[in-house]
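Residue numbers (my numbering), protein chains in the order written: chain A, 213 to 571; chain B, 11 to 330. Below is one structure; the comments refer to it alone.
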């Protein structure tokens, strides 16, 4: 796999600053937290304590290193698998668990299924389920920011399957035409539910699709935090310098199911999974940290325990948070409820009071 | 009317630097119906953007701009071509505020010419308002006069919510009238009783208003007093005005050019059945397009005209 090569095969020229060694432990802790939270959420779903879950295992390095390379003022347009990005942006674990439960602490007010969260103060836009719709939003926001003279970039996250969508085409085409300061971060995790990457497109790489839109596409090993960080920094530099967008294809592997409703044994082999497990991004970074003397087996154990404690405490708090108030169902459809919505709210309230229905 | 729409955009763009226009051929060419004529010359290509030919891209990009606080006015050249952007409108624009718990309002205005009567055939004549009126979170506004077109469009651009603004292209130039200067606003969500009457209520909007009024005129000579109500906004609907009119007349005829089945008339009809049944002296009647795709050669038969409307109102007025 090429590291930071453009779609034409030429080595990317100006490589900006690398990840500093002293930040690696912090980056690693975030990856471990994502993994621990992921495992906990899969089990919470099996126990019926949350309704659904979309795991990210295998994609931690790509997400965390990518988000690490962004500025706090940059706008993130996630899909529904970007837990690692959310943690880097600073979204508290408790707030995420509130969303998965759909309780009164959830800033989405219990309206979206798990993983479809967003927080304006973290510049992390609320995701939807249709794939790719966020791509042109990122382009529009980038154009708006540039118009205002704000030196930020936007970044859209999506997967290999999304490269087949009309929103991918429309968004990248607009970005090319308007030279929008936008990054397109494609996590090619090799599987769009049951469809393998080679049947998603006949293109040799996903990154090469950028050529058709008139800007560079870069393939990067998404299990290598250094490579991902460098590529994103460079793409961000280009965006802010007015050089236009970049498509980044981070090659990763979805170690788990597409979602808790999916059983990947139906469509892919144990041998393939085992092969990729050897390239587990967390194990890879841990090995590096051990080599650099930045962790020991004992201190690593503590990192995992701390993450488990953090998630456990947040979960306890989230599960003790009150459920959503049913009357809020009618808020935020419009800025102010219409008379028809007020009438429906009163009707539902009546049914609740009479005990005809229960929340 | 198209001039009034043009004036509204000039007015809005002069008043607020956050307002911008994007769409196909809206800049240099001024729009295929000239609705955006002169805008690019005054405000430049960064505020009046000629876009690539992609409705998905136009609407999706407008969403991103709105999230950042701009007030984009996107043009879809003919509403018949809006369907590639259906996902962006229904899944994104209409749901952004709700799904984010109020964190992300998404005040995009989408302007689009709709309707038949211009020999446009299947793909330049449709009236798809019901698809959008069915979508929670989206306002749907349709003017029928130049003054309302300006006033409602200005209100739409400065609204807090997304608005689909459908323009009756058949009467872009056929209907003329005085248009107030300056920041003239018409509140969204208020119907207008354009012609008061006592025997039958006729509910219409957009390009169906002229034939509805013509029918009322014809019937007046026959001694039938038809009240003609221009809904102006389908979402939010001025239900109070609809009910008040029927409580007065006891009879209702609903006119739209869209197909009948699950058309907006079905909703009005259901509201009358639920809330005005005891005021009704005759069955509610719908005069609509037929449940066929829009026919080219036979469009004058397909579209409700003054004669068909008068015929239905006459029958309703006489029904025991």
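Glycine included, every Cβ here is placed at the ideal spot set by N, Cα and C. None of these values were measured; they are calculated from a predicted model.
Please classify residue i as buried or exposed, where buried requires at least 16 neighbouring CB atoms within 10 angstroms.
| i | result |
| --- | --- |
| residue 294(A) | buried |
| residue 30(B) | buried |
| residue 218(A) | Confidence at residue 218(A) is low in this model, with a pLDDT of 39, below 50, so the placement of that residue should be treated as unreliable; the coordinate-derived value is given next. Buried, since its Cβ has 16 or more Cβ neighbours within 10 Å. |
| residue 571(A) | exposed |
| residue 312(B) | buried |
| residue 505(A) | exposed |
| residue 414(A) | exposed |
| residue 326(B) | buried |
| residue 110(B) | buried |
| residue 368(A) | buried |
| residue 536(A) | buried |
| residue 399(A) | buried |
| residue 459(A) | buried |
Using a Cβ-Cβ cut-off of 9 Å, state whether residue i counts as contacting chain A.
| i | result |
| --- | --- |
| residue 94(B) | yes |
| residue 107(B) | yes |
| residue 114(B) | yes |
| residue 258(B) | no |
| residue 326(B) | no |
| residue 102(B) | yes |
| residue 303(B) | no |
| residue 249(B) | yes |
What separation, rounded to the nearest whole angstrom, lies between the Cα atoms of residue i and residue j?
| i | j | result |
| --- | --- | --- |
| residue 19(B) | residue 296(B) | 35 Å |
| residue 544(A) | residue 496(A) | 45 Å |
| residue 509(A) | residue 502(A) | 8 Å |
| residue 353(A) | residue 40(B) | 25 Å |
| residue 233(A) | residue 34(B) | 50 Å |
| residue 253(B) | residue 289(B) | 9 Å |
| residue 320(B) | residue 207(B) | 14 Å |
| residue 279(B) | residue 198(B) | 22 Å |
| residue 318(A) | residue 134(B) | 45 Å |
| residue 27(B) | residue 77(B) | 16 Å |
| residue 296(A) | residue 280(A) | 10 Å |
| residue 214(B) | residue 561(A) | 34 Å |
| residue 15(B) | residue 169(B) | 16 Å |
| residue 312(A) | residue 531(A) | 10 Å |
| residue 86(B) | residue 521(A) | 53 Å |
| residue 228(B) | residue 166(B) | 35 Å |
| residue 10(B) | residue 123(B) | Beyond the ends of chain B as shown, which are 11 and 330, falls residue 10(B); an answer cannot be given. |
| residue 254(A) | residue 463(A) | 24 Å |
| residue 66(B) | residue 380(A) | 10 Å |
| residue 22(B) | residue 194(B) | 10 Å |
Would you say residue i lies against chain B (beta-carbon separation less than 9 Å)?
| i | result |
| --- | --- |
| residue 456(A) | no |
| residue 432(A) | no |
| residue 551(A) | yes |
| residue 315(A) | no |
| residue 535(A) | no |
| residue 297(A) | no |
| residue 547(A) | yes |
| residue 341(A) | yes |
| residue 347(A) | yes |
| residue 421(A) | no |
| residue 543(A) | yes |
| residue 385(A) | yes |
| residue 292(A) | no |
| residue 318(A) | yes |
| residue 216(A) | Confidence at residue 216(A) is low in this model, with a pLDDT of 39, below 50, so the placement of that residue is unreliable and no value is reported for it. |
Kindly identify the DSSP beta-bridge partner or partners of residue i.
| i | result |
| --- | --- |
| residue 297(B) | 265(B) |
| residue 240(B) | 202(B) and 214(B) |
| residue 460(A) | 397(A) and 430(A) |
| residue 287(A) | 366(A) |
| residue 106(B) | According to DSSP, residue 106(B) bridges with nothing at all. |
| residue 124(B) | 178(B) |
| residue 538(A) | None; residue 538(A) has no bridge partner. |
| residue 331(A) | 336(A) |
| residue 252(B) | Per DSSP, none; premise fails for residue 252(B). |
| residue 568(A) | Partner(s): none; residue 568(A) has no beta bridge. |
| residue 119(B) | 83(B) and 173(B) |
| residue 245(B) | 150(B) |
Minimum length 4: unbroken alpha helix (DSSP H) runs contained in the segment 367 to 407 of chain A: 378 to 390
Complete beta strand (DSSP E) runs within the segment 15 to 85 of chain B (minimum length 3 residues, chain order): 29 to 33, 58 to 60 and 81 to 85
Ordered list of alpha helix (DSSP H) runs contained in the segment 138 to 222 of chain B, each at least 4 residues: 139 to 143 and 156 to 167
Runs of alpha helix (DSSP H) wholly within the segment 300 to 324 of chain B (minimum 4 residues, chain order): 309 to 312
Inside the segment 265 to 319 of chain A only - beta strand (DSSP E) runs reaching at least 3 residues: 287 to 289
Entirely enclosed alpha helix (DSSP H) segments - the segment 469 to 550 of chain A, minimum 4 residues: 482 to 489, 493 to 504 and 509 to 531
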